[in-house]
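Novice:
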Amino acid sequence: MVDKDSSSGSNKENPDQDSSETLIPNSKNTPDLDYIVQKFQDSNPYGQQHKFWETQPVGQFKDLGNSTLPEGPIEQPTPLSEVKQEPYNLPNLYEWTVCDMKSDEVCNEVYILLTNNYVEDDDNLFRFNYSKEFLRWGLTPPGYFQNWHIGVRVKSSKKLVAFITGIPVKIRVRNEVVQMAEVNFLCVHKKLRSKRLAPVMIKEVTRRIHLENIWQAAYTAGVFLPTPVTTCQYWHRTLNPKKLIDVGFSRLGERMTMSRTIKLYKLPNSTSTRGLRKMELRDVPQVTRLLRNYLNRFIVAPTFDEDEVEHWLLPQENVVDSYVVECEETREITDFFSFYTLPSTILNNQNHSTLKAAYSFYYVTNRVQLMQLMQDALIIAKRDDFDVFNALDVMENEPILKDLKFGPGDGQLYYYLYNYRLNNVLKPSELGLVLL
Ligand SMILES: CC(C)(COP(=O)(O)OP(=O)(O)OC[C@H]1O[C@@H](n2cnc3c(N)ncnc32)[C@H](O)[C@@H]1OP(=O)(O)O)[C@@H](O)C(=O)NCCC(=O)NCCS
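Set out below in structure tokens:
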């Protein structure tokens, strides 16, 4: 099975694995320090491969395993007056622009840039197709800064050719709640690649984040950079086998026919959890309490207040879906789950143009087993016409994925922190953070 990860590059199911049969555990599933060191040695034999990232306050490969370095910020904040007040210089033909995502016209420009130039899988079969509503939702949470939505235009034509964003988020690392930015949607037009524009964009968004007195950031990428705090993997649960096979996302397993495959992935028609219903506005306080409590289990996780829960989890058609479990006697909310909608354009296929994918987002298990909640999420996603349901091996996902007939992707999703050192590499199950 082939699929894309949420942030960069894309995944293809390990061809040695037949997802339609018993799944073999992936040896890279819980990367550790050895794996990271090995990756470093493989990818960086001369120690000089990250000209930009080596200059940044991020964990450096050379410091891997050095336990004398303190955990926490790598550099201390500087007085705001010492933060560069002017934007970084762009090559002469280009200019900075702030993208007002509330404007339909600008949102559409961003949408078109990303639709044509954002993340593709390694075989260029699929490209993420974040919808306009999704982009607006993802970029305008409570307290967002419009000038962290940064575009680059061609001066003469005003065409938007590059984009990078930040949004504010509070992330707890062990016992410390740190105000951070989540940096995402870095995209340079295909015709402008490999000209070192990305480092300028990263420096510019960092400068604007510093101007708000924020000194840390979290980001994910499909590329291996100095130095991941954890390495995760996407898993894919086929909902529409015929289409996934037709478009090259999956392949028919050995000794499998189409009808056996369809039967294998068939789901019950209705959900099994009593009291399961769509989340409503009135649920926000209870869901916030449950989620704050649940996310405490993880070493790195966001802390959401009610406004953020309302923004991130209240259902929005074609953007985000959330379901709560309400106890029928007490009316108390006991559990919940959510997933977001991120289609991909299917490139060069005559029969299909879009792959409709659901991505597991936040959940809380309390009275109901995660296995059952996730199975109900699959049933709902199937009912709502999704072709595939994707989940990372973060939080408590890993043990249930195989039983629910998820198959592993073949790429990695690396999580990074900017200007924050962790003493050890985390396991995906120690992470309670899902980025878009
Ligand atoms: C990612 C992208 C913007 C990089 O631009 P580029 O033109 O390929 O690269 P540039 O020459 O401008 O810059 C290269 C530098 O950016 C870094 N870089 C590349 N991709 C990066 C990423 N996703 N996150 C952070 N840094 C990245 C490189 O490591 C390199 O720095 P280094 O020398 O320290 O290693 C571009 O390839 C793109 O738009 N790709 C499609 C969308 C995408 O994958 N976005 C990233 C989502 S996480």
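What the sequence shown shows, in UniProt numbering, is residues 1 to 436, in sequence order.
Glycine included, C-beta positions come from ideal geometry on N, C-alpha and C.
Model, not experiment: these values are computed from the prediction.
Using the Cβ count rule (16 or more neighbours within 10 Å means buried), how would you classify E120?
Specialist: Classification for E120: buried.
Novice: Quick one, which of N240, L431, L290, F339 has its alpha-carbon nearest K405's?
Specialist: When only C-alpha atoms are compared, the closest one is N240.
Novice: Since I believe V83 is in contact with C99 (beta carbons under 8 Å), could you give me their beta-carbon distance rounded to a whole number of angstroms?
Specialist: The Cβ separation is near 22 Å, so there is no contact.
Novice: Which residue from I299, P168, P57 puts its Cα closest to that of V394?
Specialist: The option with the nearest alpha carbon to V394 is I299.
Novice: At what residues does the alpha helix (DSSP H) containing G138 begin and finish?
Specialist: Element bounds for G138: 132-139.
Novice: For A301, collect the residues of the same chain with a Cβ closer than 8 Å to its Cβ; drop the 5 residues on either side in sequence, then sort them by chain order.
Specialist: Excluding positions up to five away in sequence, the list reads I171, R172, L295, L431, G432, L433.
Novice: Can you give, in chain order, each stretch of the beta strand (DSSP E) that sits fully within the region 166-195 and has at least 3 residues?
Specialist: With a minimum length of 3 residues, the continuous beta strand (DSSP E) runs that stay inside the region 166-195 are 176-188.
Novice: At the level of alpha carbons, what is the spacing between N116 and H189?
Specialist: Whole-angstrom Cα-Cα distance: 8 Å.
Novice: Who are the near neighbours of N318 in its chain, counting only those whose CB is closer than 8 Å to its CB and skipping five residues on each side?
Specialist: S131, E133, F134, T341, listed in sequence order.
Novice: Report yes if the CB atom of R207 is closer than 8 Å to the CB atom of Y94, and no otherwise.
Specialist: Not a contact, by the Cβ cut-off of 8 Å.
Novice: Mind checking R421: buried by the 16 CB within 10 Å criterion, or exposed?
Specialist: Under this definition R421 is a buried residue.
Novice: What three-state label does DSSP hand I346 in the structure shown?
Specialist: Reduced to three states, the DSSP call for I346 is strand.
Novice: With a floor of 4 residues, list each alpha helix (DSSP H) that falls wholly inside the region 280-313, ordered by position along the chain.
Specialist: If we require 4 residues or more, the alpha helix (DSSP H) runs fully inside the region 280-313 come out as 284-295, 306-313.
Novice: Mapping DSSP to helix, strand and coil, what is P408?
Specialist: P408: strand per DSSP, three-state reduction.
Novice: On a Cα-Cα basis, can you pick out the residue from M256, L125, T227 that is closest to N349?
Specialist: For N349, the nearest C-alpha among the options comes from L125.
Novice: Quick one: what's got a C-beta closer than 8 Å to L347's C-beta in the same chain, skipping five residues either side?
Specialist: Closer than 8 Å at Cβ, skipping near neighbours: E120, N124, L125, F126, R127.
Novice: Select from S429, N424, P428, R274 the residue whose C-alpha is nearest the C-alpha of N66.
Specialist: Of the candidates S429, N424, P428, R274, the one whose C-alpha sits nearest the C-alpha of N66 is N424.
Novice: Using only CA atoms, which one of R237, G275, V177 lies nearest to T261?
Specialist: Selected option, being the one with the closest Cα: R237.
Novice: For V287 and chain C, any beta-carbon pair shorter than 8 Å?
Specialist: Reference to chain C is not applicable here, since this structure consists of a single protein chain.
Novice: Taking buried to mean at least 16 other C-beta atoms within 10 Å of its own C-beta, is L281 buried or exposed?
Specialist: L281 is exposed by the Cβ-count criterion.
Novice: Near V178, what residues of its chain come up, given a Cβ to Cβ distance below 8 Å and the 5 sequence neighbours on each side ignored?
Specialist: Hits under 8 Å: K170, I171, R172, Q216, Y420.
Novice: Looking at C-alpha atoms only, which residue of A357, R292, T273, I214 is the closest neighbour of Y323?
Specialist: Checked all of A357, R292, T273, I214; the closest Cα to Y323 is T273.
Novice: DSSP three-state call for Y111: helix, strand or coil?
Specialist: Reduced to three states, the DSSP call for Y111 is helix.
Novice: What did DSSP end up calling S360 once you bin it into helix, strand or coil?
Specialist: S360 falls in the strand class under three-state DSSP.
Novice: V320 and F336: beta carbons closer than 8 Å?
Specialist: No.
Novice: List the residues that DSSP assigns as beta-bridge partners of R367.
Specialist: Answer is none; R367 lacks a bridge partner.
Novice: Can you tell me the Cα-Cα spacing of L426 and V183, whole angstroms?
Specialist: Approximately 20 Å between the Cα atoms of the pair.
Novice: Relative to ligand 2, is the shortest distance from any of its heavy atoms to the C-beta of N419 smaller than 7 Å?
Specialist: Absent from the structure shown: ligand 2. Ligands present: ligand 1.
Novice: Compute the beta-carbon to beta-carbon distance between I214 and A181, rounded to the nearest angstrom, for a pair I have assumed lies under 8 Å.
Specialist: Sure, about 6 Å apart at Cβ, within 8 Å.
Novice: What is the DSSP secondary structure of Q233, reduced to helix, strand or coil?
Specialist: Correct three-state label for Q233: coil.
Novice: In whole angstroms, what separates the C-alpha of N108 from that of T68?
Specialist: Spanning the two alpha carbons is a distance of roughly 49 Å.
Novice: Smallest Cα separation from V229: which of L64, G409, E396?
Specialist: When each option's Cα is compared against that of V229, the closest is L64.
Novice: Quick one: what does DSSP say L433 is sitting in, helix, strand or coil?
Specialist: Residue state, collapsed to three classes: coil.
Novice: Taking only the alpha-carbon atoms, compute the straight-line gap between T165 and V205 and give it to the nearest angstrom.
Specialist: Roughly 7 Å separates the two Cα atoms.
Novice: I'd like the list of long-range same chain contacts for T30, defined as Cβ closer than 6 Å, with 5 residues on each side in sequence excluded.
Specialist: Because T30 sits at a pLDDT of 38, beneath the cut-off of 50, its placement in the model cannot be relied upon, and the following sentence gives the value as read from the coordinates. K427, listed in sequence order.
Novice: Quick one: is the Cβ of C187 within less than 7 Å of any heavy atom of ligand 1?
Specialist: The answer is yes for C187.
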